[in-house]
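> Here's a structure for you.
In the working numbering, the protein residues as written are 85 to 225.
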């Protein structure tokens, strides 16, 4: 988002927005941006894009403060690494396609194998939700 004004003004605006989003208050962040004094806006299209993005992604924006207090990572790195281990490594340089259905199915089967749940899924069609006792919450997240 392109802002104008003094360095302190821009810093204050970003901090106010960050505090709202850190707490998961996407609605408050959108209202804040919509009510932002136009003397601080360098490009109204950038502001509209930011508002539209927040509204579109709202269901997927977590409360980072809560996640942090639970010692969860505020990052997609573990998910991306899991995808790399479960899917990408097998498909890269093996002539395998990246079709959605094939990649999704491979990810599911690989995750079941990795978590030692394939037999339970195949026989009982269920997967128990449990964090293994030998893993910490951070390792399981």
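For each residue, glycine too, the CB sits at the ideal point set by N, CA and C. Here the structure is a predicted model, which is why all the values come from computation and not from measurement.
When you compare the CB positions of residue 138 and residue 107, do they come within less than 8 Å of one another, or not?
No, the pair does not count as a contact, with Cβ atoms beyond the cut-off.
> Nearest to residue 104 by alpha carbon, out of 200, 203, 149?
Closest option to residue 104, Cα to Cα, is 149.
> With a threshold of 8 Å, are at least 3 pairs of Cβ atoms found where one atom belongs to the segment 164-171 and the other to the segment 187-194?
The segment 164-171, when compared against the segment 187-194, does touch it at the 8 Å Cβ threshold.
> So, residue 204 versus residue 193, is the Cβ gap smaller than 8 Å?
Cβ atoms of residue 204 and residue 193: not closer than 8 Å.
> Nearest to residue 101 by CA position, among 115, 89, 146, is which residue?
Considering only alpha carbons, the answer is 115.
> Based on DSSP bridge pairs, tell me the residues matched to residue 97.
Beta-bridge pairing links residue 97 to no other residue.
> Starting from the C-beta of residue 145, find all residues in its chain whose C-beta is less than 6 Å away, skip the five residues before and the five after it, and write them out in chain order.
Result list for residue 145: 110, in chain order.
> Looking at the secondary structure, which residues open and close the alpha helix (DSSP H) in which residue 203 lies?
Its alpha helix (DSSP H) spans residues 202-208.
> Could you tell me if residue 163 is buried or exposed, where buried requires 16 or more neighbouring beta carbons within 10 angstroms of its beta carbon?
With fewer than 16 other Cβ atoms within 10 Å, it is exposed.
> Is residue 163 near the ligand HEM - that is, is its Cβ less than 7 Å away from at least one heavy atom of it?
Questions concerning the ligand HEM fall outside what the structure shown contains, since it holds no ligand whatsoever.
> Is the segment 120-132 in contact with the segment 152-163, if contact means three or more CB pairs nearer than 8 Å?
Not touching, per the Cβ criterion.
> Looking at C-alpha atoms only, which residue of 198, 158, 159 is the closest neighbour of residue 171?
Selected option, being the one with the closest Cα: 198.
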